[in-house]
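What follows is a short report on a single structure.
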Amino acid sequence: MDGGRCLHSPDVSREPQVEQPPRSFRRSLVVLLVVVVAPAVLVGLVAGGVAARAFPVGIVGGLLIITGAGPAAGVRFLVVLPVVLAVSLLTVGSWWWVVLFAVVGAAVGVLAQHGLALAMVQIGLVASTVPQLEGWSEPAVFVAFLLLGELFGLLLARRAALTSVGATTTVATVPQAVAAAVGAVGVGTSAAVAIAVGGDHSYWFVVMFLVVAQLVIVDARGGRRAVGQRLLGTCLGVAGVVPLAMVLPRWSTALAALVLVAFGMSQPSSRYWLASAAISAAVVLVAAPADASLALGARRVLATVVAVGLLGAVSFALRLTRGSGRAVPPPPPTPPRHASSL
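Here the sequence shown is numbered in the numbering used here, starting from -1 and rising by one per residue.
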């Protein structure tokens, strides 16, 4: 995935949210195999491990940005992603990384007034997961194959006729300077916590904050309920993955994780807690061996709790200034195209 209900006034948009029909498990599994697994394997065989990690990140990033901003505006945001990725690669593990995500948060706050905050959240989500690489050659390879992945993701989005979910996003009614400052504090604080905690998966603190922020950006009315479901699902997923990790042989964990992610993707939004549980279990299953799954799962739960608390603080701060700015109508929706979708 990714700053909250507070960034948007629930009174601006009164259009009812219509639940989209869930994708079938089989279709979800095919999408994962075709869009993520197969490209990563092929690129890895040709160009090595760094390229194999970057290419699917670019694909997913391209798809997320297109669905966050729409085909027209999304192309412009695709230019921003490699810049943010490059800075993240150069600063990851240092306090300059916190400054980068404070800037990302400020951009989210400003773009909220134009219905484009979701696209910047997606850029932050992708940028937060970059690994620490050695020297200059590995980051250069990473960015190069990320760009190729972006182009492939753009082609997939056009082929599948993906449209923006940002057309249903409500927009900020606070001054831009206030929205930018609060966004910078929210995302920057999550990054600061990640640096302070340290460890291989400390970026989860940023990811979780952006994910819960994304929920209320997409649906300001149902966002609070979805955040609660996210927290519940994460706890259930972590509780279930520990015995699963002890039973499964290590070679089978990647396959089990793929099945869990496909299962999560196939759930309707009314069962978001179940989707969160499956995907959280998959992430912990892949990220840690059996003897470390409990500790890593506990870190993921902690990251979610911190994200929810931080989102509440950000929401309160912006609620204090609600109505002091100018309400901007959301952008016109992108006309749907009659084509098969991912």
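All residues carry an ideal CB built from backbone N, CA and C; glycine is no exception.
Asked: Measure from the alpha carbon of A237 to the alpha carbon of each residue in V216, P247, L272 and R223, then state which is nearest.; Found: L272
Asked: Locate the alpha helix (DSSP H) running through R25, then write down its first and last residues.; Found: F23 to L30
Asked: Can the beta-carbon of L152 be found closer than 9 Å to that of V32?; Found: no
Asked: From L208 to A285, what distance separates their C-alpha atoms?; Found: 20 Å
Asked: To the nearest angstrom, how far is it from the Cα of F140 to the Cα of A280?; Found: 24 Å
Asked: Would DSSP call G197 helix, strand or coil?; Found: coil
Asked: Tell me whether F314 is buried or exposed, calling it buried when 16 or more other Cβ atoms sit within 10 Å of its Cβ.; Found: exposed
Asked: When we look at the beta-carbon of Q130 and count the other beta-carbons within 10 Å, is it buried (16 or more) or exposed?; Found: exposed
Asked: Should the region 120 to 136 be regarded as contacting the region 78 to 92, the criterion being three or more beta carbon pairs within less than 8 Å?; Found: yes
Asked: Could you tell me whether the region 98 to 117 touches the region 178 to 190, where touching means 3 or more Cβ pairs closer than 8 Å?; Found: yes
Asked: Counting only the same chain and skipping the five closest in sequence on each side, list residues whose C-beta sits under 7 Å from that of C233.; Found: V299
Asked: Determine the DSSP secondary structure at E132, reduced to helix, strand or coil.; Found: coil
Asked: Just to confirm, are V124 and V34 a CB contact at a threshold of 9 Å?; Found: no
Asked: Looking at the structure shown, is S264 part of a helix, part of a strand, or coil, going by DSSP?; Found: coil
Asked: Closest to G342 by C-alpha separation, out of W93, L309 and M244, would be which residue?; Found: This structure gives no information on residue 342, because the portion of the chain shown stretches from -1 to 340.
Asked: Give the straight-line distance between the Cα atoms of I63 and L116, rounded to the nearest whole angstrom.; Found: 8 Å
Asked: Would you report the Cα separation of E148 and L154, rounded to the nearest angstrom?; Found: 10 Å
Asked: According to DSSP, is T127 part of a helix, a strand, or is it coil?; Found: coil
Asked: Quick check for students: name the residue ranges of the alpha helix (DSSP H) that lie wholly in the region 181 to 245, counting only runs of 4 or more.; Found: 202 to 216 and 221 to 245
Asked: Output needed for T127: all residues of its chain with C-beta closer than 8 Å, excluding positions within five of it in sequence on either side, in chain order.; Found: V55, Y201 and V205
Asked: Rounded to a whole number of angstroms, what is the C-alpha to C-alpha distance between L316 and W93?; Found: 26 Å
Asked: When you compare each of V303, L283, M263 and G295 to F23 by their alpha carbons, which one comes out closest?; Found: M263
Asked: Starting from L114, trace the alpha helix (DSSP H) in both directions and tell me its first and last residue.; Found: Premise fails: L114 is in no alpha helix (DSSP H) and is neither H nor E.
Asked: Since A50 and G42 should fall inside the 8 Å C-beta cutoff, what is the C-beta to C-beta distance between them, to a whole number of angstroms?; Found: 3 Å
Asked: Under 8 Å by Cβ, that's how I've got L283 and V245 pegged, so tell me the actual separation to the nearest angstrom.; Found: That belief does not hold up - the Cβ atoms of L283 and V245 are roughly 11 Å apart, past 8 Å.
Asked: Taking Cβ to Cβ, would you say V214 is nearer than 9 Å to V304?; Found: no
Asked: Do you know how far the Cα of S274 is from the Cα of A252?; Found: 18 Å
Asked: From P266 to W134, what distance separates their C-alpha atoms?; Found: 43 Å
Asked: Where R297 and P137 are concerned, what is the direct C-alpha to C-alpha distance, given to the nearest angstrom?; Found: 27 Å
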